[in-house]
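Below is one structure, written out as structure tokens; the observations come after it.
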Amino acid sequence: MIEKLFNEPKLLGIVADINSGKSNTIYHIIETLRKNAEFSLYTYGLKFPTGTQIFSLEELEIITDSIIIIDEAMTLFKLSNAKNKETIENTLRLLFHNNNIILLSILPENGKKFIVSKFNAVIFKKTTIADCINGSVLKRIVTQYCGPEKGSTILNLPIDKALIFNGKSYSMLDVEYYPEFDSKSANKPILRRKQSKNIFKRKVI
78 MIEKLFNEPK
88 LLGIVADINS
98 GKSNTIYHII
108 ETLRKNAEFS
118 LYTYGLKFPT
128 GTQIFSLEEL
138 EIITDSIIII
148 DEAMTLFKLS
158 NAKNKETIEN
168 TLRLLFHNNN
178 IILLSILPEN
188 GKKFIVSKFN
198 AVIFKKTTIA
208 DCINGSVLKR
218 IVTQYCGPEK
228 GSTILNLPID
238 KALIFNGKSY
248 SMLDVEYYPE
258 FDSKSANKPI
268 LRRKQSKNIF
278 KRKVI
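Residue numbers (this note's numbering): 78 to 282.
Printed below as a string of structure tokens:
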């Protein structure tokens, strides 16, 4: 299923709430593709870097014939600034022209119409429906889905699943867990159980 998504130049999106397994899904995609194919990989924003890292739009725009994965796309493209719309559109058009497959990772509230409307397919992890921009393509895709994972306020996908919409139909993807890429696995517990103290009093005879 993943290889079919990455078969030709296109723009893909992965949409998810914070702490919903989004980064693990990205690593699952990379590792799955690597099992059967060789490819040039460029990445931005991954906590565990893989492939060739990029740090600017200038580096991004000279890439050709590659898979490009941009985690936290809002920081690289500065999606919060509406004035950057033309710049972003020009960059994405150039990347597509240069024979690349681009995967952008965004939060639901970053799904601006001008960028999401260009997605050839969208991969969802756990998503708060209210956070999707009203009237956006993302909100339409989520609200039209009628699977058991969708409630009235949230698309509540388990950590080992992702929902794919390819522009025509929905399908569920099994996502393997990669502990080596889990940045939170080494976190110390904030609350620590108190050690019980046994106090023995000597009896006075």
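Using N, Cα and C, we set each Cβ at its ideal position, and we do this for glycine too.
Residues bridged to residue i [DSSP beta-bridge criterion]
i	result
Phe201	Val92 and Leu240
Gln130	Thr120
Leu70	Examination of residue 70 is not possible in this model, given that the chain is present from 78 through 282 alone.
Ser248	Ile241
Lys265	In the DSSP output, where bridge partners are listed per residue, Lys265 has none listed.
Lys227	Leu232
Integer Cβ distance of residue i from residue j, believed to fall under 8 Å
i	j	result
Ile206	Val214	With 8 Å as the limit, Ile206 and Val214 do not qualify as a contact, their Cβ atoms being about 14 Å apart.
Val252	Ile183	The pair is not a contact, with the Cβ atoms about 18 Å apart (cut-off 8 Å).
Ser100	Phe258	7 Å
Met78	Leu250	6 Å
Gly122	Asp148	4 Å
Lys155	Ser260	No, Lys155 and Ser260 are not in contact; Cβ-Cβ is about 24 Å, not under 8 Å.
Cβ neighbour criterion (16 or more within 10 Å) applied to residue i
i	result
Pro266	exposed
Phe116	exposed
Thr230	exposed
Ser97	buried
Gly188	buried
Lys216	buried
Nonlocal neighbours in the same chain, by C-beta distance under 8 Å from residue i, ignoring five residues either side
i	result
Pro86	Phe173, Asn176, Asn177 and Ile178
Leu171	Glu138
Thr141	Asn175, Asn176 and Asn177
Glu80	Thr109, Leu110, Asn113 and Ala114
Asp208	Asp94, Leu184, Pro185 and Glu186
Thr120	Pro126, Thr127, Gly128, Thr129, Gln130, Ile131, Ile145, Ile146, Ile147 and Asp148
Cβ neighbours of residue i in the same chain (closer than 6 Å, five flanking residues each side left out)
i	result
Ser248	Ile241
Asn243	Ala198
Cβ pair residue i, residue j closer than 9 Å
i	j	result
Phe191	Lys162	yes
Ala198	Thr102	no
Leu180	Ile145	yes
Leu232	Thr204	yes
Leu89	Ile107	no
Residues near residue i in its chain [Cβ-Cβ closer than 7 Å; skip 5 each side]
i	result
Tyr104	Tyr255 and Phe258
Phe83	Leu110, Ile144 and Ile178
Near the ligand GTP: residue i beta-carbon under 8 Å from a heavy atom
i	result
Ser97	The ligand GTP is not among the ligands present in this structure, which contains no ligands whatsoever.
Closer than 9 Å to chain B by CB, residue i
i	result
Val92	Although the question refers to chain B, the structure presented lacks it and comprises just one protein chain.
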